[in-house]
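Below is one structure, written out as structure tokens; comments come after it.
2 protein chains.
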Amino acid sequence: MRRKGLASMAVHTASTSADPSGTTDSRVDLGPAAALSCRECGERIPLGPHFACTACFGPLEIAYELPDGDPEGLRKRIEAGPNNIWRYAELLPVPAGVADTPNLNPGFTKLVRAENLARELGVTGELHIKDDSGNPTHSFKDRVVAIAVQAARAFGFTTLSCSSTGNLAGAVGAAAARAGLRSCVFIPHDLEQGKVVMAAVYGGELVGIEGNYDDVNRFCSELIGDPIGENWGFVNVNLRPYYAEGSKTLAYEICEQLGWRLPDQLVVPIASGSQLTKIDKGLRELIALGLVEDRPYKIFGAQAEGCSPVSQAYKNGHDVVRPVRPSTIAKSLAIGNPADGPYVLDIARRTGGAVEDVNDEQVVDAIKLLARTEGIFAETAGGVTVGVTRKLIESGALDPTLTTVVLNTGDGLKTLDAVAPTSQATAIIRPNLDSFREAGLA
Amino acid sequence: MRRKGLASMAVHTASTSADPSGTTDSRVDLGPAAALSCRECGERIPLGPHFACTACFGPLEIAYELPDGDPEGLRKRIEAGPNNIWRYAELLPVPAGVADTPNLNPGFTKLVRAENLARELGVTGELHIKDDSGNPTHSFKDRVVAIAVQAARAFGFTTLSCSSTGNLAGAVGAAAARAGLRSCVFIPHDLEQGKVVMAAVYGGELVGIEGNYDDVNRFCSELIGDPIGENWGFVNVNLRPYYAEGSKTLAYEICEQLGWRLPDQLVVPIASGSQLTKIDKGLRELIALGLVEDRPYKIFGAQAEGCSPVSQAYKNGHDVVRPVRPSTIAKSLAIGNPADGPYVLDIARRTGGAVEDVNDEQVVDAIKLLARTEGIFAETAGGVTVGVTRKLIESGALDPTLTTVVLNTGDGLKTLDAVAPTSQATAIIRPNLDSFREAGLA
Numbered sequence: 000m001r002r003k004g005l006a007s008m009a010v011h012t013a014s015t016s017a018d019p020s021g022t023t024d025s026r027v028d029l030g031p032a033a034a035l036s037c038r039e040c041g042e043r044i045p046l047g048p049h050f051a052c053t054a055c056f057g058p059l060e061i062a063y064e065l066p067d068g069d070p071e072g073l074r075k076r077i078e079a080g081p082n083n084i085w086r087y088a089e090l091l092p093v094p095a096g097v098a099d100t101p102n103l104n105p106g107f108t109k110l111v112r113a114e115n116l117a118r119e120l121g122v123t124g125e126l127h128i129k130d131d132s133g134n135p136t137h138s139f140k141d142r143v144v145a146i147a148v149q150a151a152r153a154f155g156f157t158t159l160s161c162s163s164t165g166n167l168a169g170a171v172g173a174a175a176a177r178a179g180l181r182s183c184v185f186i187p188h189d190l191e192q193g194k195v196v197m198a199a200v201y202g203g204e205l206v207g208i209e210g211n212y213d214d215v216n217r218f219c220s221e222l223i224g225d226p227i228g229e230n231w232g233f234v235n236v237n238l239r240p241y242y243a244e245g246s247k248t249l250a251y252e253i254c255e256q257l258g259w260r261l262p263d264q265l266v267v268p269i270a271s272g273s274q275l276t277k278i279d280k281g282l283r284e285l286i287a288l289g290l291v292e293d294r295p296y297k298i299f300g301a302q303a304e305g306c307s308p309v310s311q312a313y314k315n316g317h318d319v320v321r322p323v324r325p326s327t328i329a330k331s332l333a334i335g336n337p338a339d340g341p342y343v344l345d346i347a348r349r350t351g352g353a354v355e356d357v358n359d360e361q362v363v364d365a366i367k368l369l370a371r372t373e374g375i376f377a378e379t380a381g382g383v384t385v386g387v388t389r390k391l392i393e394s395g396a397l398d399p400t401l402t403t404v405v406l407n408t409g410d411g412l413k414t415l416d417a418v419a420p421t422s423q424a425t426a427i428i429r430p431n432l433d434s435f436r437e438a439g440l441a
Numbered sequence: 000m001r002r003k004g005l006a007s008m009a010v011h012t013a014s015t016s017a018d019p020s021g022t023t024d025s026r027v028d029l030g031p032a033a034a035l036s037c038r039e040c041g042e043r044i045p046l047g048p049h050f051a052c053t054a055c056f057g058p059l060e061i062a063y064e065l066p067d068g069d070p071e072g073l074r075k076r077i078e079a080g081p082n083n084i085w086r087y088a089e090l091l092p093v094p095a096g097v098a099d100t101p102n103l104n105p106g107f108t109k110l111v112r113a114e115n116l117a118r119e120l121g122v123t124g125e126l127h128i129k130d131d132s133g134n135p136t137h138s139f140k141d142r143v144v145a146i147a148v149q150a151a152r153a154f155g156f157t158t159l160s161c162s163s164t165g166n167l168a169g170a171v172g173a174a175a176a177r178a179g180l181r182s183c184v185f186i187p188h189d190l191e192q193g194k195v196v197m198a199a200v201y202g203g204e205l206v207g208i209e210g211n212y213d214d215v216n217r218f219c220s221e222l223i224g225d226p227i228g229e230n231w232g233f234v235n236v237n238l239r240p241y242y243a244e245g246s247k248t249l250a251y252e253i254c255e256q257l258g259w260r261l262p263d264q265l266v267v268p269i270a271s272g273s274q275l276t277k278i279d280k281g282l283r284e285l286i287a288l289g290l291v292e293d294r295p296y297k298i299f300g301a302q303a304e305g306c307s308p309v310s311q312a313y314k315n316g317h318d319v320v321r322p323v324r325p326s327t328i329a330k331s332l333a334i335g336n337p338a339d340g341p342y343v344l345d346i347a348r349r350t351g352g353a354v355e356d357v358n359d360e361q362v363v364d365a366i367k368l369l370a371r372t373e374g375i376f377a378e379t380a381g382g383v384t385v386g387v388t389r390k391l392i393e394s395g396a397l398d399p400t401l402t403t404v405v406l407n408t409g410d411g412l413k414t415l416d417a418v419a420p421t422s423q424a425t426a427i428i429r430p431n432l433d434s435f436r437e438a439g440l441a
């Protein structure tokens with residue numbers, strides 16, 4: 000059954016997979032990254048700008064040679080490292096000197112102990128928000144793009160590119176500017192003005208495509224196969240295996256910020272599902288390396304009802320994720336055909352978690368709940384995870400007596416429209432005390 | 000001459016200064032803060048919610064009993080502290096246990112080595128951007144509000160308030176939410192929708208005043224004098240001496256991040272002028288405490304041409320700042336009658352710096368220059384400092400061979416309109432390679 004889900008993903012991506020032979024350099028320096036390996040058949044190929052297995056079209060991921068034997072030494076080196084994701088350079092596909100190269104240095108964002116929110120939700124255990132709105136362009140995308148930049152450099156790419164509907168465009172534009180790479184980002188031509196401005200301000204090429212996001216993706220695949228795209232690194236296509244690893248740093252940081260301790264439960268948003276699978280990978284690595292105790296944890300996936308193919312498959316007991324046409328205010332999660340959906344189902348079931356969804360009204364309520372309890376203004380994706388957390392507590396799926404970490408992956412300033420209708424002035428008054436008293440606020 | 004400038008400021012604030020007697024508790028625990036002292040006549044009064052001297056109407060500031068005799072020990076304690084402003088708790092008007100109280104933990108934002116920008120500006124020395132867009136609500140206001148929250152608690156205030164046109168409203172709303180205080184924020188009723196939403200989302204009271212910012216301020220002064228306002232802490236009025244001290248942390252962080260070294264030159268934006276004066280105060284404290292070498296530094300003030308009363312006074316050799324009616328896109332700096340203007344003039348002249356201004360077109364150019372060179376999307380205030388830096392280099396006032404730190408105090412996402420007209424898609428194409436080639440981007 001699972002293979003079907005993957006086959007549908009392969010249709011999406013494999014058609015443009017270049018033949019690795021001839022474009023690969025096995026001596027490329029990406030630190031502990033040793034090879035690319037297929038998540039389906041296990042085939043290994045040398046490191047290169049490839050994303051689909053030549054044997055079975057399965058997705059490729061990074062295989063590592065990680066440090067072993069001295070967890071205490073590794074922990075000390077991490078703790079002595081910079082206050083960004085490069086403190087974990089020994090566990091990432093990046094060269095050892097990465098922290099000295101010009102980049103945006105994302106990560107090590109706040110893990111906020113959310114006691115006010117816990118009270119409202121009836122959580123008696125520890126509740127934490129991992130708040131990635133503190134990243135340089137205010138979303139978790141800075142993490143993944145920073146890793147992709149290193150891969151782009153290693154493979155000699157001179158243009159950094161992506162297809163995007165928002166957060167990623169800004170993250171790529173900013174990272175390329177700082178790294179001294181050319182950037183050329185593709186978006187649907189009718190995006191909201193705010194997102195267009197954010198993507199354009201970093202000075203790279205910004206190309207609007209007359210079509211929807213699927214059309215943009217298809218065009219990018221065509222471009223990679225064309226000589227024009229020869230020196231182009233598409234962070235979420237031909238650099239995807241590297242890019243995706245950036246999400247592991249969320250797992251590393253959460254555990255380190257908890258005092259080198261696994262949380263009992265994590266609530267993670269699902270777009271393509273990549274982030275959730277890499278958080279699981281990161282947690283398993285920390286256990287294997289001896290940096291945290293080996294004990295169970297549960298991963299819960301969160302979707303918006305209007306784009307909930309993984310949640311629907313989970314609830315129906317399916318291994319296959321049936322694509323949907325998204326219709327939700329949580330646009331950064333609106334991927335109707337999530338490539339990593341089957342893996343997410345595996346992880347939720349293996350760890351004893353679940354996948355749940357909330358409707359747009361619940362998303363808005365959750366954004367406002369988080370804002371008024373903890374002073375964190377989350378993007379709609381954060382409304383999804385907080386809303387799902389509440390729903391999971393009510394259903395009993397999530398244990399409110401344990402340690403739980405909920406991810407906020409973006410910033411409310413980027414999705415103002417979601418809360419605008421219900422976030423307005425309490426009162427409009429004339430500038431005098433009588434008018435103030437009349438408003439009933441004294 | 001200087002007294003005149005202060006007199007004009009006193010008109011603005013002193014009319015609502017409560018009599019300190021009876022409302023003051025000298026045993027209030029605000030750490031090393033020992034008293035309030037008048038910046039003009041030196042009069043000392045016990046700590047309390049007061050902002051103007053009862054003897055001369057001069058502005059009050061915090062007088063400290065700072066640790067002495069063991070700079071090495073202090074430095075180590077700071078370095079072992081949390082990654083936020085509370086690492087400097089021993090130097091701030093806050094209780095020792097401040098880091099354990101629920102607050103937004105702002106500060107320790109990135110100091111970015113800006114080599115790309117340096118090349119463009121012809122800077123051969125070190126050029127750094129202190130990027131305060133990384134704060135919780137994405138402006139430096141989180142620093143000052145965090146200190147005001149501690150004062151509000153110490154004085155038993157139950158409502159946190161302010162008058163604001165933007166950044167401060169969000170910072171107060173968020174901080175109060177997290178701290179469990181009621182908030183009631185006053186804004187002009189016709190603010191841009193985005194700013195209203197940001198101020199409202201944290202769930203406090205948000206009151207639109209039918210009038211301009213001056214009307215809002217006058218109303219707040221009236222409210223403080225009325226029994227209604229008895230338990231209200233207005234962060235930028237009756238808590239102003241505490242609030243203002245938060246800006247010292249910018250100086251502390253810059254020096255620590257430079258390896259406990261003073262920069263040679265700093266470029267700081269001027270709104271009320273408070274931030275610049277407190278940065279100077281912070282630098283002098285570090286010297287007095289033996290944490291940095293005692294050597295000269297120069298502070299440069301930056302204004303927008305459409306609101307440049309301090310710059311005009313500087314250029315004309317005046318000690319008096321003549322109020323102006325602001326007209327600039329740099330709205331967060333648009334204070335036409337800056338309370339600390341005379342002190343800013345003193346500091347610029349004493350340190351060998353200067354005050355300069357740039358027009359709105361130069362502000363936009365500078366925002367885009369910083370974005371395309373360093374991947375930092377600054378608010379208009381950051382465009383002002385970067386633009387002024389360029390102008391000061393061209394005029395020879397700023398030495399490009401030395402170590403310079405330029406402040407970016409806010410986030411471009413909050414002032415999208417400034418760059419929107421000139422930050423758009425490079426091209427709109429159909430989703431095929433021919434169309435892409437025709438656009439000339441291949």
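From first to last, the protein sequence lines stand for chains B and W.
So for the first sequence, numbering that gives the first Met the number 0 puts the first residue at 0; every next one is plus one.
So for the second sequence, numbering that gives the first Met the number 0 puts the first residue at 0; every next one is plus one.
Idealized CB from N, CA, C, for every residue including glycine.
Just verifying my parser: in three-state terms, what is the DSSP assignment at residue i?
{"i": "residue 268(B)", "result": "strand"}
{"i": "residue 37(W)", "result": "strand"}
{"i": "residue 166(W)", "result": "helix"}
{"i": "residue 129(B)", "result": "strand"}
{"i": "residue 22(B)", "result": "Model confidence at residue 22(B) stands at a pLDDT of 46, short of 50, so the residue's coordinates are unreliable; what they give is reported in the following sentence. Looking at residue 22(B) - three-state DSSP - the assignment turns out to be coil, as it is neither helix nor strand."}
{"i": "residue 423(W)", "result": "coil"}
{"i": "residue 63(W)", "result": "strand"}
{"i": "residue 176(B)", "result": "helix"}
For chain W, check one thing: does any of its Cβ atoms lie closer than 7 Å to the Cβ of residue i?
{"i": "residue 373(B)", "result": "yes"}
{"i": "residue 425(B)", "result": "yes"}
{"i": "residue 441(B)", "result": "yes"}
{"i": "residue 307(B)", "result": "no"}
{"i": "residue 44(B)", "result": "no"}
{"i": "residue 177(B)", "result": "yes"}
{"i": "residue 253(B)", "result": "no"}
Is residue i close to chain B, meaning its C-beta is less than 7 Å from at least one C-beta of that chain?
{"i": "residue 187(W)", "result": "no"}
{"i": "residue 119(W)", "result": "no"}
{"i": "residue 430(W)", "result": "yes"}
{"i": "residue 412(W)", "result": "yes"}
{"i": "residue 29(W)", "result": "no"}
{"i": "residue 422(W)", "result": "yes"}
{"i": "residue 385(W)", "result": "no"}
Taking all protein chains shown into account, decide if residue i is buried (16 or more other Cβ within 10 angstroms of its Cβ) or exposed.
{"i": "residue 192(W)", "result": "exposed"}
{"i": "residue 169(W)", "result": "buried"}
{"i": "residue 20(B)", "result": "Low confidence applies to residue 20(B): its pLDDT is 41, below 50, so where it sits in the model is not reliable enough to give any reading."}
{"i": "residue 79(W)", "result": "exposed"}
{"i": "residue 230(B)", "result": "exposed"}
{"i": "residue 32(W)", "result": "buried"}
{"i": "residue 295(B)", "result": "exposed"}
Nearest to residue i by CA position, among the options, is which residue?
{"i": "residue 47(B)", "options": "236(B), 160(B), 65(B) and 85(B)", "result": "236(B)"}
{"i": "residue 450(B)", "options": "109(B), 324(B), 213(B) and 280(B)", "result": "Any property of residue 450(B) remains undetermined from this structure, which presents chain B solely from 0 to 441."}
{"i": "residue 233(W)", "options": "270(W), 293(W) and 171(W)", "result": "171(W)"}
{"i": "residue 139(W)", "options": "200(W), 264(W), 380(W) and 65(W)", "result": "380(W)"}
How about residue i: is its Cβ closer than 6 Å to a heavy atom in the ligand PLP?
{"i": "residue 174(W)", "result": "The ligand content of the structure shown is nil, which means the ligand PLP is not present either."}
Worksheet item: What residues from the region 352–383 of chain W come within 8 Å of chain B, judged by C-beta to C-beta, listed N to C?
Response: For the region 352–383 of chain W, which is checked against every Cβ of chain B, the residues closer than 8 Å are 366, 367, 370, 371, 372, 373, 374, 375 and 376.
Item to complete: Give the residues from the region 192–224 of chain W that approach chain B closer than 9 Å (Cβ to any Cβ), ordered along the chain.
Response: Along the region 192–224 of chain W, the positions whose C-beta sits under 9 Å from a C-beta of chain B are 192, 193, 195, 196, 197, 198, 199, 200, 201, 202, 203, 204, 205, 206, 207, 208, 209, 210, 214, 215, 217, 218, 221 and 222, read in chain order.
Worksheet item: Listed in chain order, which residues of the region 279–296 of chain W have Cβ atoms closer than 7 Å to some Cβ of chain B?
Response: Within the region 279–296 of chain W, no residue has a Cβ that lies closer than 7 Å to any Cβ of chain B.
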